[in-house]
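A.B. asks: Just dropping this structure here.
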Amino acid sequence: MQKSALAECKDEVLLKSGADILLESLKKEEVELIFGYPGGAVLPIYDSLYDAGIPHILARHEQGAIHAAEGYARITGKPGVVIATSGPGATNIVTGLADALIDSIPLVVFTGQVATGVIGSDAFQEADVLGITTPITKHNYQVRDPKDFPRIIKEAFYIASSGRPGPVLIDVPKDMAVLPAQAEEEPVINLPGYQPTTTPNYLQIKKLSEALSQAKKPLILAGAGILFAKAHDSLRAFAEQQNIPVVHTLLGLGGFPADHSLFIGMAGMHGCYAANMGLTDCDLLINIGARFDDRLTGNLKHFAPNAAVAHIDIDPAEIGKNVPTQIPIVGDAKEALDLLIAQEGGKPESSAWITQLHEWNEAHPYRYKRTSGKLLPQYVLQLLHSQTGGEAIVTTDVGQHQMWAAQYYGFNKPHAWVTSGGLGTMGFGLPAAIGAQLAQPDATVAAVLGDGGFQMTLQELGVIAEHKLPIKIIVINNHALGMVRQWQETFYNERYSHSIFTSQPSFVKLAEAYGIKAYEIKTEKEAEERMAEALSLKEPVLLDFHVEQMEKVYPMVAPGKGLHEMEGV
Amino acid sequence: MKGIITLTVMNRPGVLNRITNLFSKRSYNIESITVGGSEQENISRITVVVQVQNETEIEQMTKQLNKQIDVIKVTDITGQAMVARELALIKVTASTQARAEIYSLIEPFRGSVVDISRDSLVIQITGEADKIEAFIELLRPYGIKELARTGTTAFLRGTQRSQGVKNISIV
Numbered sequence: 001m002q003k004s005a006l007a008e009c010k011d012e013v014l015l016k017s018g019a020d021i022l023l024e025s026l027k028k029e030e031v032e033l034i035f036g037y038p039g040g041a042v043l044p045i046y047d048s049l050y051d052a053g054i055p056h057i058l059a060r061h062e063q064g065a066i067h068a069a070e071g072y073a074r075i076t077g078k079p080g081v082v083i084a085t086s087g088p089g090a091t092n093i094v095t096g097l098a099d100a101l102i103d104s105i106p107l108v109v110f111t112g113q114v115a116t117g118v119i120g121s122d123a124f125q126e127a128d129v130l131g132i133t134t135p136i137t138k139h140n141y142q143v144r145d146p147k148d149f150p151r152i153i154k155e156a157f158y159i160a161s162s163g164r165p166g167p168v169l170i171d172v173p174k175d176m177a178v179l180p181a182q183a184e185e186e187p188v189i190n191l192p193g194y195q196p197t198t199t200p201n202y203l204q205i206k207k208l209s210e211a212l213s214q215a216k217k218p219l220i221l222a223g224a225g226i227l228f229a230k231a232h233d234s235l236r237a238f239a240e241q242q243n244i245p246v247v248h249t250l251l252g253l254g255g256f257p258a259d260h261s262l263f264i265g266m267a268g269m270h271g272c273y274a275a276n277m278g279l280t281d282c283d284l285l286i287n288i289g290a291r292f293d294d295r296l297t298g299n300l301k302h303f304a305p306n307a308a309v310a311h312i313d314i315d316p317a318e319i320g321k322n323v324p325t326q327i328p329i330v331g332d333a334k335e336a337l338d339l340l341i342a343q344e345g346g347k348p349e350s351s352a353w354i355t356q357l358h359e360w361n362e363a364h365p366y367r368y369k370r371t372s373g374k375l376l377p378q379y380v381l382q383l384l385h386s387q388t389g390g391e392a393i394v395t396t397d398v399g400q401h402q403m404w405a406a407q408y409y410g411f412n413k414p415h416a417w418v419t420s421g422g423l424g425t426m427g428f429g430l431p432a433a434i435g436a437q438l439a440q441p442d443a444t445v446a447a448v449l450g451d452g453g454f455q456m457t458l459q460e461l462g463v464i465a466e467h468k469l470p471i472k473i474i475v476i477n478n479h480a481l482g483m484v485r486q487w488q489e490t491f492y493n494e495r496y497s498h499s500i501f502t503s504q505p506s507f508v509k510l511a512e513a514y515g516i517k518a519y520e521i522k523t524e525k526e527a528e529e530r531m532a533e534a535l536s537l538k539e540p541v542l543l544d545f546h547v548e549q550m551e552k553v554y555p556m557v558a559p560g561k562g563l564h565e566m567e568g569v
Numbered sequence: 570m571k572g573i574i575t576l577t578v579m580n581r582p583g584v585l586n587r588i589t590n591l592f593s594k595r596s597y598n599i600e601s602i603t604v605g606g607s608e609q610e611n612i613s614r615i616t617v618v619v620q621v622q623n624e625t626e627i628e629q630m631t632k633q634l635n636k637q638i639d640v641i642k643v644t645d646i647t648g649q650a651m652v653a654r655e656l657a658l659i660k661v662t663a664s665t666q667a668r669a670e671i672y673s674l675i676e677p678f679r680g681s682v683v684d685i686s687r688d689s690l691v692i693q694i695t696g697e698a699d700k701i702e703a704f705i706e707l708l709r710p711y712g713i714k715e716l717a718r719t720g721t722t723a724f725l726r727g728t729q730r731s732q733g734v735k736n737i738s739i740v
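In order, the protein sequences belong to chains A and B. The working numbering applies: residue 1 is where the first sequence begins, and numbers increase by one. The working numbering applies: residue 570 is where the second sequence begins, and numbers increase by one.
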């Protein structure tokens, strides 16, 4: 009798609530920060979080929480962690999940769910979160037994951050967070169907090395895979060793230093002439960690018509998906580059080719004309670059200002560029800046936003004010949805259907209502002074730049055209 | 062209949803899909017959399926020596006069009658999809009242012949 009572007592000591187990598992994963928003179904988790010792950032909308987590993940390379409640809390993070999946951002997201007993009964704040998020997550779980928390969380972090990174969602029914269970100390990952290949095939590496020694016009197209693999140093070493010029995708910017003599520029729809002509003219194209997105390739019929294509990617499904590939290399970008560096092949004779690319760059740089007396957006981005020395972390929304930022802000270091590429999510920039600033509290973070996107998530000014995050909010205010307006001007006979804001609040007063310093800027002189002032202050500042509305992003590859058919060069 | 993909997957809640979701997300057209147990506990086997434009499309499908965490193995068995079977139940109008005639059709196709009523028969037939289609066409003039097909389930034969030799079904 005595013995069994003791045993019982011992068992009781080991029992913890699901929520406690959840938070302990997060600590084991060394989670430093959680972004979230409480609600009915996650009350037990928030109760455990109250004294768990993990800092939590209360967003003002769940979409803000998940974009902030994306910004944090982009800068640190570690999974961003999000908690949202059931029903509307979960549906509010849908945009962020889709964004993170297409741009390969590691996230571990917890959603509350109604208790297991009422799942399927259309209970209050119930939504089929697994069903909704299956196509927009790398993987998702619903917890059915609280003792599974340690294993599921360990698997979730592993899946989110290994292979091609992506978002993993864990749906937690309310009773699972409450029920006591005995937590496994050392959970074992059980994923027989998930074994990402990281080590490249040696024969393919040799094949690429041989192709290089024959090439006259080699070109590296470097995507965000370089950043995820932390392969920037290897990329630089490889390009320098073999004397190969480099172009970047939008998301890859910073993987190769913009001021390097082998850097040609960004390629794609609004990329530079030399980069796009380079892709058209090269005889060996080495894609490292880019997915040949349609905004990069233009019309596939005209894409790299004379090139043998080598593609290094950790996701085999990306190889050959859009562009036929002669040398497929599945694996980690850094491992592949290090193997390539170690090869003893001949170098390509690329000096004439590099000279040609530089000539194109000199003949056709990014340019803009000061015609109206109004402030030009390109000037503002140039100013931001010169005053920060290219050292700031820049986040953006989506549209014209994003393209100008990509064109005029030359990134010399990796992990400093946070933008929504694949999904093109307006409202991304401001919350992403919050995550970026929290990841690097001492860095200068500039949130470059359009007036349209800013109004989609400006409630997050509350978070910036609350935590006194010294973010510089650069609003490129053209009183329009600029990119939509540009397309309507170019392709829809100047019929500006719902793209011009006839009414707009004072962003300065709005910021001031949150206790954030703000200035309206209309001239270059004001811009210079206020930018310098903002950058010198250790507090948030909003700069509302009133810029010329009719300005267009050039050069441009019109939809359906090949990269060589650029307009506005 | 028609492609056949077989998958072994973890028998977990929602796994079929993941597979069909992927097909609709990438707008692949499923002709049939069958799911059931396999020789291993907790592992199910899925056979998908798809309509594709070319081999690149089926390769892309295979790669996307492979990315699913719960999918253990994906095999594209299109054009290889395989055993592929489908079961169909056909309820056909059978007047007393027509009955003998119908019976004479069933035998060569190795079908069997599994239910009889006053004016109809239910015939069960198994085989490759082509054979079942041929049988249905033969029965159509008598009047098909109901038809249910399971879709193809398949796996590779133990021995693969050299390429180019068409495999002939022995049943």
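Virtual Cβ for every residue (Gly too), placed ideally from N, Cα, C.
With a 10 Å radius around its C-beta and 16 neighbouring C-beta atoms as the bar for buried, classify Q486(A) as buried or exposed.
C.D. replies: Under this definition Q486(A) is a buried residue.
A.B. asks: For G131(A), would you say it is in contact with chain B, using Cβ-to-Cβ distances shorter than 8 Å as the test?
C.D. replies: Yes, its Cβ sits closer than 8 Å to a Cβ of chain B.
A.B. asks: Give the interface partners of H574(A) over in chain B, defined as CB-CB distance under 7 Å, in chain order.
C.D. replies: A query on residue 574(A) cannot be resolved here, the shown segment of chain A reaching from 1 to 569 and no further.
A.B. asks: If you follow the beta strand (DSSP E) that S351(A) is part of, which residue opens it and which one closes it?
C.D. replies: Run containing S351(A): none in the beta strand (DSSP E); it sits in the alpha helix (DSSP H), S351 to A363.
A.B. asks: Going by DSSP, what residues sit across from P167(A) in a beta bridge?
C.D. replies: L107(A).
A.B. asks: Report yes or no: do three or more beta-carbon pairs, one from the region 52-66 of chain A and one from the region 126-133 of chain A, lie closer than 8 Å?
C.D. replies: Touching, no, given that fewer than three Cβ pairs across the two stretches are closer than 8 Å.
A.B. asks: Specify the secondary structure class of A303(A) as computed by DSSP and reduced to three states.
C.D. replies: Before going further, note that residue 303(A) is Phe rather than Ala in the sequence given. Three-state result, F303(A): coil.
A.B. asks: Which residues of chain B have a Cβ atom closer than 8 Å to the Cβ of L191(A), listed in chain order?
C.D. replies: Here the neighbours are I638.
A.B. asks: I'd like to know whether the C-beta of N580(B) is nearer than 8 Å to at least one C-beta of chain A.
C.D. replies: No, its Cβ sits nowhere closer than 8 Å to a Cβ of chain A.
A.B. asks: Just to confirm the assignment, what range does the beta strand (DSSP E) spanning P218(A) have?
C.D. replies: Unbroken beta strand (DSSP E) run through P218(A): P218 to A222.
A.B. asks: Report the residue ranges of all alpha helix (DSSP H) runs contained in full by the region 376-415 of chain A; include only those spanning at least 4 residues, in chain order.
C.D. replies: Those alpha helix (DSSP H) runs which fall completely within the region 376-415 of chain A and span 4+ residues are 377-388 and 400-408.
A.B. asks: Are the region 258-265 of chain A and the region 234-246 of chain A touching, with three or more C-beta to C-beta distances below 8 Å?
C.D. replies: With the cut-off at 8 Å, the region 258-265 of chain A and the region 234-246 of chain A touch.
A.B. asks: Since Y194(A) meets chain B, which of its residues come closer than 8 Å, beta carbon to beta carbon?
C.D. replies: Going along chain B in sequence order, the residues near Y194(A) (Cβ under 8 Å) are I638.
A.B. asks: Could you name the residues of chain B that A317(A) contacts, counting a contact when the two beta carbons are closer than 8 Å?
C.D. replies: The answer, in chain order, is Q629, K632, Q633, N635 and K636.
A.B. asks: Run down chain A in chain order and give the residues with a C-beta less than 7 Å from the C-beta of I641(B).
C.D. replies: By Cβ distance, chain A contributes P192 and G193.
A.B. asks: What residue range does the alpha helix (DSSP H) around Y368(A) cover?
C.D. replies: Careful: Y368(A) lies outside any alpha helix (DSSP H) and carries neither H nor E.
A.B. asks: Around the Cβ of S536(A), are there at least 16 other Cβ atoms within 10 angstroms (buried) or fewer (exposed)?
C.D. replies: Flag for S536(A) reads exposed.
A.B. asks: According to DSSP, is D128(A) part of a helix, a strand, or is it coil?
C.D. replies: The answer is coil: DSSP assigns D128(A) none of H, G, I, E or B.
A.B. asks: Let me check understanding here. Comparing Cα to Cα, which of R144(A), T133(A) and K216(A) lies closest to I119(A)?
C.D. replies: Looking at the Cα atoms, R144(A) is the closest of the given residues.
A.B. asks: Flag this pair as yes or no: are the beta carbons of I464(A) and I434(A) separated by less than 8 Å?
C.D. replies: Their beta carbons are under 8 Å apart, which means I464(A) touches I434(A) by this criterion.
A.B. asks: Interface residues of chain A around R654(B) at Cβ under 7 Å?
C.D. replies: None at all; the shortest Cβ gap to chain A is about 26 Å.
A.B. asks: Starting from M579(B) and walking both ways along the beta strand (DSSP E), at which residues does that stretch end?
C.D. replies: Note, M579(B): beta strand (DSSP E), K571 to M579.
A.B. asks: Any idea what DSSP makes of T457(A), helix, strand or coil?
C.D. replies: DSSP places T457(A) in helix when its eight states are reduced to three.
A.B. asks: Would you report the Cα separation of H270(A) and L381(A), rounded to the nearest angstrom?
C.D. replies: When rounded, the distance between both Cα atoms is 16 Å.
A.B. asks: In the DSSP assignment, the alpha helix (DSSP H) including R236(A) goes from what residue to what residue?
C.D. replies: Here the alpha helix (DSSP H) through R236(A) covers H232 to Q242.
A.B. asks: May I ask you to verify whether the region 444-456 of chain A touches the region 394-409 of chain A, counting CB pairs closer than 8 Å and requiring at least 3?
C.D. replies: Contact holds: three or more Cβ-Cβ distances are below 8 Å.
A.B. asks: Quick one: Cα of E628(B) to Cα of I474(A), how far?
C.D. replies: When rounded, the distance between both Cα atoms is 45 Å.
A.B. asks: Run down chain A in chain order and give the residues with a C-beta less than 9 Å from the C-beta of G583(B).
C.D. replies: Correct list: L130, G131, T134, N140 and Q142.
A.B. asks: With respect to 7 Å, is the separation between the Cβ of V42(A) and the closest non-hydrogen atom of the ligand SAH below this value?
C.D. replies: As far as ligands go, the structure on display features none, and thus does not contain the ligand SAH.
A.B. asks: Run the CB neighbour count on I189(A), radius 10 Å, all protein chains shown included, and call it buried at 16 or more, exposed below.
C.D. replies: Exposed, since its Cβ has fewer than 16 Cβ neighbours within 10 Å.
A.B. asks: Tell whether a beta-carbon distance below 8 Å holds between Q622(B) and N598(B).
C.D. replies: No, Cβ-Cβ distance for Q622(B) and N598(B) is not below 8 Å.
A.B. asks: Skipping 5 residues on each side, what residues in its chain have a beta carbon closer than 7 Å to that of A5(A)?
C.D. replies: Residue placement at A5(A) is poorly supported in this model, since its pLDDT is 49, which falls under 50; the coordinates are not used for a value here.
A.B. asks: Whole angstroms is fine: what's the gap from P677(B)'s alpha carbon to L656(B)'s?
C.D. replies: Taking the straight line joining both Cα atoms gives about 16 Å.
A.B. asks: What is the C-beta distance between V661(B) and L707(B), in whole angstroms, given that I count them as a contact (C-beta under 8 Å)?
C.D. replies: Contact flag wrong, Cβ pair sits at about 10 Å.
A.B. asks: If you draw a straight line from the alpha carbon of R718(B) to that of V323(A), how long is it in whole angstroms?
C.D. replies: When rounded, the distance between both Cα atoms is 39 Å.
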